[in-house]
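Asks:
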Amino acid sequence: FLKQSSDFSTMSLRRYVNLVTANHYQSIYSLRRLNSDNFFYPAKEAAVKARDLPRLKRVPPDALSPWFDQKKKKHAAALSDKQLETIRRPQPIFSVRPTTCFLADGDYNNRLHSFPLSGTKIFFADSGKRTTLYDTEARCSISTPSLHTPKDFPVALSVPSPGTEGEQDQDGVSLYIMDTTLDPSNATPFEALIWRHCEDEDFADHKTWHCDALPRPPFFDHQLDDDTSVQSYAVVDNVICVSLTSVGTYCFDTVSQKWSLAGDWLMPFSGKAEYVPELKLWFGASAGNHQLPCASDLSHILGGHAPKKLYVWGDPHLPGDWLPDLFNPANIVSLGSGRFCIINFFRDMGGRPSSVDGLTATDGSPIVVFSGLEVLAGNGNGNGNGKGKDSSSDSDKDSCSDKVKGNGLRMIKHRSRLCRDTSTDSIESVL
1 FLKQSSDFST MSLRRYVNLV TANHYQSIYS LRRLNSDNFF YPAKEAAVKA RDLPRLKRVP
61 PDALSPWFDQ KKKKHAAALS DKQLETIRRP QPIFSVRPTT CFLADGDYNN RLHSFPLSGT
121 KIFFADSGKR TTLYDTEARC SISTPSLHTP KDFPVALSVP SPGTEGEQDQ DGVSLYIMDT
181 TLDPSNATPF EALIWRHCED EDFADHKTWH CDALPRPPFF DHQLDDDTSV QSYAVVDNVI
241 CVSLTSVGTY CFDTVSQKWS LAGDWLMPFS GKAEYVPELK LWFGASAGNH QLPCASDLSH
301 ILGGHAPKKL YVWGDPHLPG DWLPDLFNPA NIVSLGSGRF CIINFFRDMG GRPSSVDGLT
361 ATDGSPIVVF SGLEVLAGNG NGNGNGKGKD SSSDSDKDSC SDKVKGNGLR MIKHRSRLCR
421 DTSTDSIESV L
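For the sequence shown, UniProt numbering assigns the number 1 to the initial residue and increments by one for each residue that follows.
Next up, the structure:
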């Protein structure tokens with residue numbers, strides 16, 4: 001995440017998408033890097049092949065079949081998986097085998113969590129609280145402090161600190177980590193890895209990593225329903241915002257280190273939402289359907305106002321035998337300059353009727369699709385080549401307001417590449 005400021009209006013374009021895979025037979029986790037050029041057409045080719053995705057007035061449930069009515073389906077040229085180009089996983093640039101940690105109940109855990117500090121620096125944390133930082137540019141791992149407590153299902157946000165002149169100081173970035181397992185007995189569910197000056201006066205001019213225990217989120221001490229969970233999280237200025245189902249949205253000020261309740265409403269995202277300074281909007285997966293991209297303006301959250309949902313986009317050009325993997329919501333990685341890579345997880349049902357009734361984690365063959373998306377602030381009347389109408393209906397446009405940021409946004413879809421899990425390796429995270 002990049003801290004929003006008036007003097008920071010652009011974000012450099014990332015060249016790579018980071019991919020973490022796991023070989024569970026050998027307990028080895030590997031970091032791989034996919035060149036983002038794989039997901040975008042060159043300028044001349046994009047004018048012919050790239051297309052606008054339709055905006056949706058109503059967000060359908062987590063199934064692909066209800067996205068469009070039958071009239072629209074007649075005009076949608078559905079793809080088959082044979083028409084999608086495949087992409088091979090590149091060789092690992094870094095691998096690690098976490099130490100097995102034996103738990104109090106006699107079980108054991110050897111999972112490894114990964115968090116992006118930036119596009120080139122990745123933190124890893126194992127079940128025994130140990131952490132390490134891998135720098136993809138320097139091609140080296142850096143020893144970092146252990147966490148105070150293990151994290152079962154953590155999420156993380158990086159918040160760059162301002163420099164001495166108010167500029168973005170990448171050397172002062174911090175990574176805030178919170179466990180989403182809402183266990184009241186967890187003494188330290190929220191902490192941060194911070195790069196700052198040494199406390200020893202003899203080394204005051206040197207910087208090193210510190211791990212700080214942070215104030216306990218108030219919702220960990222509430223009487224929560226069993227169904228309550230962390231739905232989404234984002235950074236607004238220097239404030240971390242967290243939405244919990246059936247509860248509302250809480251904010252943590254990283255300067256004052258205080259929690260506050262913003263309201264009983266939720267941000268319209270599932271998982272992490274990222275700020276795009278060029279468009280002054282936050283982007284992520286839709287809370288209504290975890291496979292669809294969504295944009296919203298969160299800038300008024302700090303004043304206690306609910307965000308206004310602007311756009312949700314769908315894609316009618318998907319194989320009919322595919323259903324969304326309900327256990328793996330989409331990942332949306334911001335590449336900068338209004339470009340994204342969206343990673344969708346599907347199940348190839350192989351002719352099975354398109355229904356999610358009784359769908360389990362083992363039904364169908366797992367498929368992962370990487371797609372390049374580009375968001376343009378246009379007048380909303382193009383189809384990706386600047387010549388025709390977009391594919392949104394008049395009713396779709398009702399989901400937007402001319403009076404808010406994002407009016408006329410167009411979501412352009414570039415190339416999609418298909419990737420299948422192997423018999424040994426599975427995709428753990430895309431960063």
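Quick reminder that beta carbons are idealized off the backbone N, C-alpha and C, glycines included.
Considering Cα atoms alone, identify which of Thr120, Leu175, Cys101 and Ala213 is closest to arginine 33.
Replies: In the sequence shown, counting from the first residue as 1, residue 33 sits at position 33. Looking at the Cα atoms, Thr120 is the closest of the given residues.
Asks: Tell me where the alpha helix (DSSP H) around lysine 413 begins and ends.
Replies: Reading the sequence shown from its first residue, position 413 is the one you call residue 413. Where lysine 413 is concerned, there is no enclosing alpha helix (DSSP H), although the beta strand (DSSP E) it sits in stretches over 409 to 420.
Asks: Give the range of the beta strand (DSSP E) segment to which alanine 187 is assigned.
Replies: As a first step, residue 187 is located in the sequence shown; it is residue number 187 there, counting from the start. Element bounds for alanine 187: n/a, residue is neither H nor E.
Asks: Does histidine 197 pass the burial test, meaning 16 or more other C-beta atoms within 10 Å, or should it be called exposed?
Replies: On the sequence shown, position 197 is the one that residue 197 refers to. Burial call: exposed.
Asks: If contact is defined by three or more beta carbon pairs under 8 Å, each pair taking one atom from either stretch, is the segment 244 to 252 in contact with the segment 216 to 225?
Replies: Short answer: they touch.
Asks: Compare the C-alpha of glutamine 91 against each of Val276, Phe252 and Ser30 and name the closest.
Replies: Walking along the sequence shown from the start, residue 91 turns up at place 91. Considering only alpha carbons, the answer is Ser30.
Asks: For serine 426, count the other beta carbons within 10 Å of its own beta carbon; 16 or more makes it buried, fewer makes it exposed. Which is it?
Replies: Within the sequence shown, the letter at position 426 stands for residue 426. Answer is exposed; the Cβ neighbour count stays below 16.
Asks: Answer with buried or exposed for glycine 304, where buried requires no fewer than 16 other C-beta atoms within 10 angstroms of its C-beta.
Replies: The residue labelled residue 304 in the question sits at position 304 within the sequence shown. When all chains shown are included, glycine 304 counts as exposed.
Asks: Roughly how many whole angstroms lie between the Cα atoms of aspartate 205 and glycine 172?
Replies: The residue you call residue 205 lines up with position 205 of the sequence shown. The residue you call residue 172 lines up with position 172 of the sequence shown. Roughly 14 Å separates the two Cα atoms.
Asks: Beta-carbon within less than 6 Å of glycine 288's beta-carbon, same chain only, minus the 5 sequence neighbours each way: which residues are those?
Replies: Numbered from its first residue, the sequence shown carries residue 288 at position 288. Result list for glycine 288: Val59, in chain order.
Asks: For the segment 13 to 28 against the segment 263 to 271, do three or more pairs of beta-carbon atoms, one drawn from each stretch, fall closer than 8 Å, so that the two count as touching?
Replies: Too few Cβ pairs lie closer than 8 Å, so no.
Asks: Here's a check: name, in chain order, each residue in its chain whose Cβ is nearer than 6 Å to the Cβ of threonine 181, leaving out the five neighbours to either side.
Replies: Position 181 of the sequence shown, counted from the first residue, corresponds to residue 181. Contacts found: Asp152 and Phe153.
Asks: For the beta strand (DSSP E) that valine 59 lies in, which residues bound it at each end?
Replies: In the sequence shown, counting from the first residue as 1, residue 59 sits at position 59. That residue, valine 59, is in no beta strand (DSSP E); it is neither H nor E in DSSP.
Asks: Excluding five sequence neighbours on each side, which residues of the same chain lie with their C-beta closer than 8 Å to the C-beta of lysine 207?
Replies: Along the sequence shown, one-based indexing puts residue 207 at 207. Closer than 8 Å at the Cβ level, and outside the excluded window around lysine 207, lie Asp171, Trp195, Arg196, His197 and Cys198.
Asks: Cβ atoms of leucine 117 and leucine 157: under 7 Å apart, would you say?
Replies: Position 157 of the sequence shown, counting from 1, holds the residue named residue 157. Position 117 of the sequence shown, counting from 1, holds the residue named residue 117. It is not a contact, given that the beta carbons lie outside the stated cut-off.
Asks: Can you tell me where the alpha helix (DSSP H) holding lysine 272 begins and where it ends?
Replies: Here the question's residue 272 lines up with position 272 in the sequence shown. Per DSSP, lysine 272 belongs to no alpha helix (DSSP H); it is in the beta strand (DSSP E), 269 to 276.
Asks: What's the C-alpha gap between proline 218 and tryptophan 259?
Replies: Here the question's residue 218 lines up with position 218 in the sequence shown. Here the question's residue 259 lines up with position 259 in the sequence shown. Straight-line Cα distance between these residues: approximately 7 Å.
Asks: Is the beta carbon of serine 334 closer than 7 Å to that of valine 369?
Replies: Your numbering for residue 369 matches position 369 in the sequence shown. Your numbering for residue 334 matches position 334 in the sequence shown. In this structure, serine 334 does not lie closer than 7 Å to valine 369 by Cβ.
Asks: Rounded to whole angstroms, what's the CA-CA distance from aspartate 421 to valine 255? Just pull it up for me.
Replies: For the purposes of this step, residue 421 is taken as residue 421 along the sequence shown, with counting starting at 1. For the purposes of this step, residue 255 is taken as residue 255 along the sequence shown, with counting starting at 1. Aspartate 421 and valine 255: Cα-Cα distance of roughly 42 Å.
Asks: At which residues does the beta strand (DSSP E) containing glutamate 428 begin and terminate?
Replies: In the sequence shown, counting from the first residue as 1, residue 428 sits at position 428. Looking at the DSSP string, the run of the beta strand (DSSP E) that includes glutamate 428 is 425 to 430.
Asks: Measuring alpha carbon to alpha carbon, tell me which of Leu298, Ile342, Leu193 and Ser185 ends up nearest tyrosine 233.
Replies: Along the sequence shown, one-based indexing puts residue 233 at 233. Ranking the options by Cα distance to tyrosine 233, first place goes to Leu298.
Asks: Among Leu323, Pro329 and Asp325, which residue has its Cα nearest to the Cα of glutamine 231?
Replies: As a position in the sequence shown, residue 231 is number 231, starting the count at 1. That would be Pro329, whose Cα lies nearest to the Cα of glutamine 231.
Asks: For alanine 138 and isoleucine 122, what's the separation of their Cα atoms in angstroms?
Replies: The sequence position of residue 138 within the sequence shown is 138, counting from 1. The sequence position of residue 122 within the sequence shown is 122, counting from 1. So the alpha carbons of these two residues sit roughly 12 Å apart.
Asks: Let me know the secondary structure DSSP gives serine 36 once reduced to three states.
Replies: Counting from one through the sequence shown, the residue named residue 36 turns up at place 36. Helix.
Asks: Note down the Cα distance separating serine 12 from proline 277, rounded to an integer number of angstroms.
Replies: On the sequence shown, residue 12 is found 12 positions in, with the first residue counted as 1. On the sequence shown, residue 277 is found 277 positions in, with the first residue counted as 1. Between serine 12 and proline 277, the C-alpha separation is close to 11 Å.
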